[in-house]
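The sequence shown begins at 4 in the working numbering and counts up by one. A quick write-up on the structure given underneath.
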Amino acid sequence: MREVQVNCKAANLVVLGILATVLSFGVPIASSQAQQPRRTETAPAGNIENGKKRFQAHGCVSCHSFSGQGGAGARLAQNPITFQAFMNYVRKPKGSMPAFGSQVTEAELADIYAFLKSIPPSPDPKTIPLLNQID
Numbered sequence: 004m005r006e007v008q009v010n011c012k013a014a015n016l017v018v019l020g021i022l023a024t025v026l027s028f029g030v031p032i033a034s035s036q037a038q039q040p041r042r043t044e045t046a047p048a049g050n051i052e053n054g055k056k057r058f059q060a061h062g063c064v065s066c067h068s069f070s071g072q073g074g075a076g077a078r079l080a081q082n083p084i085t086f087q088a089f090m091n092y093v094r095k096p097k098g099s100m101p102a103f104g105s106q107v108t109e110a111e112l113a114d115i116y117a118f119l120k121s122i123p124p125s126p127d128p129k130t131i132p133l134l135n136q137i138d
């Protein structure tokens, strides 16, 4: 029971850390976008199947779930973050996410990124009949 409480507290800290990080990046990015034309970044081609395997093998699933929808860690699926920002964060995260440094190669990160980008969006809750039943 104590371990579950500790894990819940740790999960809350992870979520708060990620939220703080995202918000801290959001303001400067918004102001710089107004001044400069937006550049699009092309992510390296990645292998989706290998990315799924690497996502599981490196333990990402323990915090981000098998489908990248989040849990103790941030929701990664359908996240518009660039590949460069993704790679930088995995290498030197802020908050309680462990740093992977050179443990994960750039090719593996490209594969994981491709896998995460391939995950379809979650359905709108309004389209799920079970969630819309009135007793």
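Just so you know, even glycine gets a beta-carbon here, dropped at the ideal spot from N, CA and C. Remember, predicted model here, so these are calculated numbers, not experimental data.
Please work out which residues of its chain come closer than 6 Å, Cβ to Cβ, to residue i, disregarding the five sequence neighbours upstream and downstream, and give them in chain order.
i, result
"Gly71", "Leu79, Ala80, Leu119 and Ile122"
"Glu111", "Arg57"
"Gly54", "Asp114, Ile115, Ala117 and Phe118"
"Thr24", "Below a pLDDT of 50, predicted positions are generally treated as unreliable, and Thr24, at 49, falls in that range; the measurement from the model is reported next regardless. The answer, listed in chain order, is Lys97."
"Ala50", "Note that residue 50 is Asn in the sequence shown, not Ala. These residues qualify, in order along the chain: Asp114."
In terms of residue numbering, what span does the alpha helix (DSSP H) encompassing residue i cover?
i, result
"Val182", "Since the first and last residues shown for the chain are 4 and 138, residue 182 lies out of range."
"Gly54", "Ile51 to Ala60"
"Gln87", "Phe86 to Arg94"
"Cys66", "Val64 to His67"
Distance, Cα to Cα, residue i vs residue j?
i, j, result
"Glu109", "Met90", "8 Å"
"Ala113", "Gly98", "23 Å"
"Thr85", "His61", "21 Å"
"Tyr92", "Asp127", "29 Å"
"Gln136", "Thr130", "11 Å"
"Ser133", "Gly74", "Note on residue identity: the sequence assigns Leu, not Ser, to residue 133. Leu133 and Gly74: Cα-Cα distance of roughly 22 Å."
"Ala56", "Gln87", "First, the amino acid is wrong: residue 56 is Lys here, not Ala. Near 21 Å, if we compare the C-alpha coordinates of Gln87 and Lys56."
"Ala83", "Ala46", "Strictly speaking, residue 83 in this sequence is Pro, with Ala absent from that position. Straight-line Cα distance between these residues: approximately 12 Å."
"Glu52", "Pro96", "25 Å"
"Ser68", "Ala48", "23 Å"
Counting only the same chain and skipping the five closest in sequence on each side, list residues whose C-beta sits under 7 Å from that of residue i.
i, result
"Pro124", "Gln81"
"Gly104", "Arg94"
"Phe58", "Val64, Ile115 and Phe118"
"Ala102", "Arg94, Lys95 and Pro96"
Have a look at the options and flag the residue whose alpha-carbon is nearest the alpha-carbon of residue i.
i, options, result
"Cys63", "Pro132, Gln106, Ala48 and Pro83", "Gln106"
"Pro100", "Gly54, Pro83, Ala88 and Ala77", "Per the sequence presented here, residue 100 reads as Met, with Pro not at that position. Taking only the C-alpha atoms, the option nearest Met100 is Ala77."
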